[in-house]
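Position in the sequence shown counted from 1, then plus 55, gives you my numbering. We put the CB at the ideal spot given by N, CA and C, even for glycine. Just so you know, these numbers come straight off a predicted model, no measurement behind them.
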Amino acid sequence: AVTARNLELVEPLFSADLDGRRDSTLVSVLDITKTGMGGRLLRKRILRPSLDQSEVEARLDAVEHLIRSTIERSRIRETLSRMMDIERLLAKVTIGTANPRDMLGMGRTLALIPALKAQLQTALPARLAEVLSGLDELADVRDRILTAIADEPPINIADGGVIRPGYNAELDEYRVLSKDSRSVIAAVEARERERTGIGSLKVRFNNVFGFYIEISKANQHLAPPDYERKQTLVNAERFTTPELKELEAKVLDAEDRMTALERELFAEIRSSAAAEATRIRQTAGAIAELDVHTALAETAAGSRYCRPRFSPDGVMKIAAGRHPVIERLTEREAQRFIPNDLYLDRSTCRIALITGPNMGGKSTYLRQAALIAVMAQMGSFVPADEAVLPLVDRVFTRIGASDNLARGRSTFMVEMTETAVILNTATERSLIILDEIGRGTATYDGLALAWSVIEHIHERSGAYTLFATHYHELTELADKLDGLRNLHVSVRESGDQIIFLRKVEPGAADRSYGIEVARLAGLPMAVIERAREILALHEKSEHTVSEELNPPKRGRPEPALQIRLFEPVGYQIAERIRTLDIDNLKPIEALHLLNELKEELKRQ
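Written out as structure tokens, the structure reads:
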């Protein structure tokens, strides 16, 4: 969770990052999927990269094929863009909450599958062949839905018009009766006149008798035997027939029965689709996987990503690596991202210690290495000219500082807790990103902890580690630890101005340029000038000590001054006093020793 947050894989560190835009995440760069199910699968793969190299290679083969097949990829993405999220629709179908438009959307999506299969050409890599075989057209489910559901159904079944005309004869009859009962009665009347030969025969309705046939007294002898006398009037006779009774019941109950029958038919259609949930889910998974592969291929083709290769001997070599998110943002602002190389291996360079000024690009360099590792193992091409990577088992990050007051933990406590998890869990196959360990406490404490953490990683876990720091004393570890190398971000000075080149180069930085960065941040010039005076005083006193303890070698220019914390004045004298055996020291010996120390102090 910490790494996912620090690397901004799916959520930005700040809720309204970059002036309200939520585009500082890795998923915002990679997610150009066309379906909801594809987007969810992509997010899942970002958060859970694979540890199985054969699985990763199969995904990369699919992406590479789609990168080469530009026209095929474009047609597939156009078809996918017309598909609905049948995973979500299936969930609603199985619990019985899918409405008519949901069912129509599922049917129309299933109708696109034959076209999708036709767009997947022959000679497919294994993973795309599996996707093709997993695309069940579900013709029975599709045909039943599209045959039954109207082209423009309402959301609510009670509104009517859900079932297509012609699907069910009884429903069609109720609709005719409900919408045009007058024409139905007129048709009955015309038919009876023709059958009986009585031109004055009429079909009428009242609230007492309902529908009836009225014949004048003069024509009553022409009434057919199936006419049932209902009422005798002075000038006419009223009759009814079994057909008229049935028609009366249908007309009076048509609306209610039509709604009930339509609801029943729709429930049957929905249940039949729910019965095929396994097949629909399999097809949805194949569509999602195809969507993810085509999206990653589209991104790789448009952003000049390369296919990563996995090193059997544990080498991590990235040529011209780039941060995918920052590169995208700089392109929008018509700027150019500065790429950088990275090399780590199991023997000579397991740990890279990066020094340099704030704003110089250290954190970007760290994060892009971790993002490239994540992208590679999720099955994506990566932002680099070349990438040879080990298969890492975990990615750990310790970046930034924040309080967790709700849990009673200070900034430093949060930092140490996260560091403890790393040191107790990392293996030699892990990738560790550490940015400014120890800055949350006193300088001496922080430096001591950072020093010890590096030694522990070097000697115990042996994990691939990128460690950014402002403690220049740590650069001395390169002479003590075989697996550590110094790197620095370069800066160009022009008068009292500094230009960040954002290029990572071998060796340690000469200083941190903290005052220059503070000036760029807008601190008052009086504060800046006073800071320079104080720094000069410290450097002067430190320079005197440094000359005595570490005289520069002949012919080699003296490096720029940097305050050193591990070389206090009088260190040798303090050590002599610390090692004295006072209990066995004779008085005369003590006097002689005191005199020697006094003379030594004078010489200093």
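Endpoints, alpha helix (DSSP H) assigned at residue i
i: Gly151; result: Where Gly151 is concerned, there is no enclosing alpha helix (DSSP H), given that its DSSP letter is neither H nor E.
i: Phe467; result: 466-480
i: His647; result: 642-658
i: Ile265; result: Checking the sequence shown, residue 265 turns out to be Gly, not Ile. Premise fails: Gly265 lies in the beta strand (DSSP E), 265-271, not in any alpha helix (DSSP H).
i: Glu192; result: First-last for Glu192: undefined, no H or E at that position.
i: Glu133; result: 125-135
i: Gln174; result: 168-174
i: Ser238; result: 236-251
i: Lys99; result: 91-102
i: Val65; result: Here Val65 belongs to no alpha helix (DSSP H), and DSSP marks it neither H nor E.
i: Asp500; result: 498-511
i: Ile41; result: Not covered by the structure: residue 41. The range shown for the chain is 56 to 659.
i: Ser83; result: 81-85
i: Val57; result: 57-61
Cβ-based neighbour list, residue i, same chain, cut-off 7 Å, excluding 5 preceding and 5 following
i: Lys172; result: Leu187, Leu190
i: Ser236; result: Val306
i: Glu382; result: Phe392, Pro438
i: Asn479; result: none
i: Thr530; result: Leu408, Thr410, Asn541, Ala563
i: Asp74; result: Legend: pLDDT at Asp74 = 48, less than 50; position of this residue unreliable, value from coordinates given subsequently. Same-chain partners within the cutoff: there are none.
i: Ile252; result: Correcting the residue identity first, residue 252 is Gly in this sequence and not Ile. Hits under 7 Å: Leu277.
Of the residues the options, the one placed nearest residue i, counting alpha carbons only
i: Glu344; options: Thr496, Leu397, Gly94; result: Gly94
i: Leu167; options: Gly151, Leu193, His348, Arg484; result: Leu193
i: Leu121; options: Cys404, His511, Val347, His525; result: Val347
i: Gly376; options: Ala431, Ala389, Glu584, His527; result: Ala431
i: Leu421; options: Thr403, Leu397, Arg405; result: Leu397
i: Leu175; options: Ile268, Glu127, Asp206; result: Glu127
i: Gly569; options: Glu584, Lys558, Val559; result: Glu584
i: Ile628; options: Leu646, Glu654, Glu491; result: Glu654
i: Glu353; options: Val57, Leu652, Thr88; result: Thr88
i: Phe264; options: Lys285, Arg248, Ser271, Ala273; result: Lys285
i: Val289; options: Gln275, Glu301, Arg587; result: Gln275
i: Ala241; options: Arg250, Glu388, Val258, Ile643; result: Val258
i: Ala309; options: Lys99, Ile204, Glu119, Val239; result: Val239
i: Ile427; options: Pro445, Lys417, Gly416; result: Pro445
According to DSSP, residues forming a beta bridge with residue i
i: Ile371; result: Position check: residue 371 holds Met in this sequence, whereas Ile was assumed. According to DSSP, Met371 bridges with Leu399.
i: Val437; result: Cys361
i: Arg284; result: Phe294
i: Pro209; result: Its beta-bridge partners do not exist; DSSP assigns none.
i: Arg547; result: Ile554
i: Glu560; result: His543
i: Leu444; result: Phe365
i: Phe260; result: Phe266
i: Gly376; result: Asn395
i: Ile218; result: Ile204
Sequence-distant residues of the same chain with beta carbon closer than 8 Å to residue i, five excluded per side
i: Arg547; result: Ile553, Ile554, Leu556
i: Asp157; result: Leu144, Lys147, Val148
i: Leu68; result: Arg60, Asn61, Ser79, Gly455
i: Asp368; result: Asp400, Arg401
i: Ala533; result: Leu408, Leu539, Arg540, Asn541, Ala563
i: Asn650; result: none
i: Arg658; result: none
i: Arg336; result: Glu142, Leu145
i: His511; result: Leu478
Run of the beta strand (DSSP E) containing residue i, from where it starts to where it stops
i: Arg391; result: Note, Arg391: premise wrong, no beta strand (DSSP E); not H, not E.
i: Tyr519; result: 519-523
i: Ala407; result: 406-410
i: Val450; result: 450-453
i: Ile487; result: 486-490
Proximal residues to residue i (C-beta, below 6 Å), its chain only, five neighbours per side dropped
i: Ile141; result: Met161, Thr164, Ala339
i: Ala407; result: Leu521, Arg540, Leu542
i: Val111; result: Ser105, Gln432, Gly434
i: Phe266; result: Phe260, Leu299, Glu303
i: Ile632; result: none
i: Val196; result: Ala328, Glu331
i: Ala224; result: none
Q: Say whether the stretch 313-322 touches the stretch 136-143, bearing in mind that this needs 3 or more beta-carbon pairs closer than 8 Å, one atom from each stretch.
A: no
Q. If we count Cβ pairs, one from each stretch, closer than 8 Å, do we get three or more for the stretch 549-565 versus the stretch 407-422?
A. yes
Q. Looking at C-beta atoms only, is the number of pairs between the stretch 420-438 and the stretch 363-374 that lie closer than 8 Å three or more?
A. yes
Q.
Using a Cβ distance threshold of 8 Å, determine whether the stretch 278-296 contacts the stretch 172-186, with at least three qualifying pairs required.
A. no
(Q) Using a Cβ distance threshold of 8 Å, determine whether the stretch 505-522 contacts the stretch 469-489, with at least three qualifying pairs required. (A) yes
Q) Given 8 Å as the limit, is there contact between the stretch 215-229 and the stretch 374-390, that is, 3 or more CB pairs closer than that? A) no
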